[in-house]
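What follows is a single structure, written as structure tokens, with notes after it.
Residue numbers (mature numbering (1 follows the signal peptide of the UniProt record, and there is no 0)): -22 to -1, 1 to 855.
What follows is the structure, encoded as structure tokens:
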């Protein structure tokens, strides 16, 4: 962006003030080279010594500018062309100014003026020139800085020259009104000297702040370092730096969505500016449904119900409804009623009946009902529902099934015990439900039920249990099995074996054993339902935490949760731009219905992949899909339903940061480099706030777009932190990028956000050195040893002191001593607002530098006197 020039005054000499402000200057008219009359002020008192002729302008208002520029056009005669003039003839004149709030000063003392400069001519003329009508016009520009009063006067002093002032133009510079990232930045007058003026942008029509937009107006009238952006409000989309309403039939639900989208099935938007599409009649959208989801309806009734009765319990099963309503969140609920023998009168079952796993909100089409009364009739209503069933006024789809339970049986136990055995005898049920096949006896030492128990089976109604410990209490339980299955265990019987030397005794015990399913429902912690668990991680209300795809039992579900499926027919691959670990990387275009075509990068999975390679390849998409930040590479979607499998991301025109910097070595200002570093730090702060550790932060993994915006990419080595902010994830094997990795991560393979800060310090060094390799040609082992001994990378040439100090802070040995990413962003913002702090550079101490004939000069690096960098090259003749 180039600056505009705003004229404060454009004065022909006719408009200059008249005497007494003009002494010995004459106003005359001459003809220029086009034979056009031109009025000038001139003076030519060269024959007299001690000339002091002044010409002054009227008061010029500065209009808020701190620096103004004066352009003068003039002619000056060569003293040698004037015959007989004394040696006092001059070929220069002086220009002065005087600041004042008074616009009507009549007289200003000569001593009050401040000298601007002595003006000399590049081209002088002779009398012959004038005769030939060749005017040699000179143009000179000077500036005045740090103006503070309402205006100023200009004055011109002649000390004995032959000159003519043709014109005087006074102007200042400004950064012109511009619109960037949907934010309008007004005309802004530049600051004094080289200071930058911070300007906050105003979001254009129908847009709102995503991140506060601001830029800096430089002294030469150019805009620098765009930060933040505005986004179109819901119902509007961006089009050529303005927000326009969504057309009928389209909508935009969120400000962060780029464009309006066609209404999903069974919905419409008859008016412009829709933030969502209205569902058709009998179709609904749940409150938690995304606005992009099709409208749906309640499901039909479950089908094909069957029951399996086992004494006082029943297993109910059914088939899913034929019509799911277009949704996948089908659940089932059961309603139980107990009926009279003739089935005419039915009443609710009450809380004594239990459902396994639950009565309401079942996800599977089966349930076990226990604790029913024997020899009774029950009616069960099975209801299907989904996420919009509560929104529909019509009755829900239900199916009814009737069952009858079996009668109970009882067993009488008789026991006989000694010091190391117990004899049990029991009587079978009076009215068994079928022939008794066998009895099962379970026993264990008291208080050791979960640790060690024994199960014995017999067809008899008597059993002697041997091998017991003397004087020890045991717990016994017995149940019977018929053709219909096992009954439940009877009540617990505690029996103590005799001590040494004591005789035996007999004891009778009576227990009633009911034939039911044997399910005992455990008591539930009342707080259990208050916590939500998602893939092994506790999810706290209001928090936003990264979820690692490996916590999913089905990795494909992670892809479905976090990545949008794209139809391969909407992708056009244009050229190969690189190769990744899993296959080629291409550039191309993505066409999505209702949106304009956009450039994208396409990673494809090479043929012959294994299931593990496919899972690892798509895990990066599952990670990227969870992030939404202007300095994080944006995932457009994935292609998984056809081959090749692809990951689609936004296209970054300038590629990786390290290659980009090497290509443009030395071509950026320090402010521009700091702006790049600020973007990277902002993206890393976002990741850190989500408890996410990158593990491979390096310039090669930063991508740059056409606006020099840097975005963090490559999430293949990432790991997640637990809720403890000091916790670290320990890897098992795998390669580590030694030159970018913190010492504790190298030694113990423990990665944290603090180790990412260390890597960020290396990225800073790469940026300031324009992509130089960290630690040059040192081996990895030498790097590890040097760091352990306290060595740190020296500052690159022309590196500001404050930036190298920030690098050293990032390379503190103790993790807790390093700055957080939020602090780094704040520091860089202050440096951008105060560029003067970037002018102090690290001093360099270089001992020896020799070069060979075929060896290009190396880059030099600064160091303290105790750590001198030595470059030695052999000279070949």
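Positions of the beta carbon are idealized from the N, C-alpha and C atoms, including for glycine.
Using the Cα positions of residue 203 and residue 174, report the straight-line distance between them to the nearest angstrom.
-> 11 Å
Which runs of the beta strand (DSSP E), 3 residues or longer, sit entirely within the stretch 597 to 665?
-> 613 to 617 and 624 to 628
Contact under 7 Å by Cβ, residue 740 with residue 718 = yes
Buried or exposed for residue 581, please, with buried defined as at least 16 other CB atoms from any protein chain shown within 10 angstroms of its CB.
-> buried
If you draw a straight line from the alpha carbon of residue 364 to that of residue 618, how long is it in whole angstroms?
-> 27 Å
Pull up the distance between the alpha-carbon of residue 185 and that of residue 178, whole angstroms please.
-> 15 Å
Would the C-beta of residue 739 count as close to the ligand GTP, meaning under 6 Å from any of its heavy atoms?
-> The ligand GTP is absent from the structure shown, which contains no ligands of any kind.
Residue ranges of each alpha helix (DSSP H) within the stretch 528 to 602, 4 or longer = 533 to 540 and 589 to 602
Comparing alpha-carbon positions, which option in 243, 169 and 163 lies nearest residue 123?
-> Measuring from the Cα of residue 123, the nearest candidate turns out to be 169.
Classify residue -12 as helix, strand or coil using the three-state DSSP reduction.
-> Residue placement at residue -12 cannot be trusted, given a pLDDT of 44 that sits under 50; what the coordinates show is reported in the next sentence. DSSP places residue -12 in strand when its eight states are reduced to three.
Hey, out of 17, 46, -18 and 69, whose CA is closest to residue 23's CA?
-> 69
May I have the straight-line CA-CA distance separating residue 627 from residue 215, to the nearest angstrom?
-> Going by the C-alpha atoms only, they are around 21 Å apart.
Compare the beta carbon distance of residue 272 and residue 213 with 7 Å and say whether it is the shorter of the two.
-> no
Between the C-alpha atoms of residue 603 and residue 302, what's the straight-line distance to the nearest angstrom?
-> 28 Å
Ordered along the chain, which non-local residues of its own chain (more than five positions away) have a Cβ less than 7 Å from that of residue 786?
-> 770
Under the rule that 16 or more other beta-carbon atoms within 10 Å means buried, what is residue 814, buried or exposed?
-> Looking at its Cβ environment, which holds fewer than 16 other Cβ atoms inside 10 Å, residue 814 is exposed.
Give, in chain order, every unbroken run of the alpha helix (DSSP H) that is at least 4 residues long and sits entirely within the stretch 742 to 800.
-> 758 to 766 and 779 to 788
Terminal residues of the continuous beta strand (DSSP E) containing residue 15?
-> 15 to 21
When the distance is taken between beta carbons, is residue 150 closer than 7 Å to residue 176?
-> no
Which partner residues of residue 94 appear in the DSSP bridge assignment?
-> BP columns for residue 94 are empty, so no partner.
With respect to the alpha helix (DSSP H) encompassing residue 726, which residues constitute its N-terminal and C-terminal limits?
-> 721 to 726
Where does residue 373 fall in DSSP's three states?
-> Coil.
Of the choices 206, 205 and 256, whose alpha-carbon is the least far from that of residue 230?
-> 256
With a 10 Å radius around its C-beta and 16 neighbouring C-beta atoms as the bar for buried, classify residue 792 as buried or exposed.
-> exposed
Answer with buried or exposed for residue 404, where buried requires no fewer than 16 other C-beta atoms within 10 angstroms of its C-beta.
-> buried
Supposed contact pair residue 86 and residue 19 - C-beta distance, whole angstroms, cut 8 Å = Actually they do not touch by this definition, with Cβ atoms about 18 Å apart.
If you check the beta carbons only, do residue 583 and residue 533 fall under 7 Å apart?
-> In this structure, residue 533 does not lie closer than 7 Å to residue 583 by Cβ.
Excluding the 5 residues preceding and the 5 following residue 118 in the sequence, name in chain order all residues of the same chain whose CB lies nearer than 7 Å to its CB.
-> 50 and 97
Exposure label - residue 526; buried when at least 16 CB within 10 Å = buried
Leaving out five residues on either side along the sequence, give the residues of the same chain with a beta carbon under 6 Å from the beta carbon of residue 135.
-> 32 and 72
Which of the three DSSP states, helix, strand or coil, is assigned to residue 677?
-> helix
Taking three-plus beta-carbon pairs below 8 Å as touching, is the stretch 263 to 281 in contact with the stretch 314 to 327?
-> no
Would you decide whether residue 577 is buried or exposed? Buried here means 16 or more other CB atoms lie within 10 Å of its CB.
-> exposed
According to DSSP, what are the bridge partners of residue 363?
-> 309
Straight-line Cα distance separating residue 236 from residue 614 = 11 Å
Segment limits, beta strand (DSSP E) that includes residue 152 | 141 to 153
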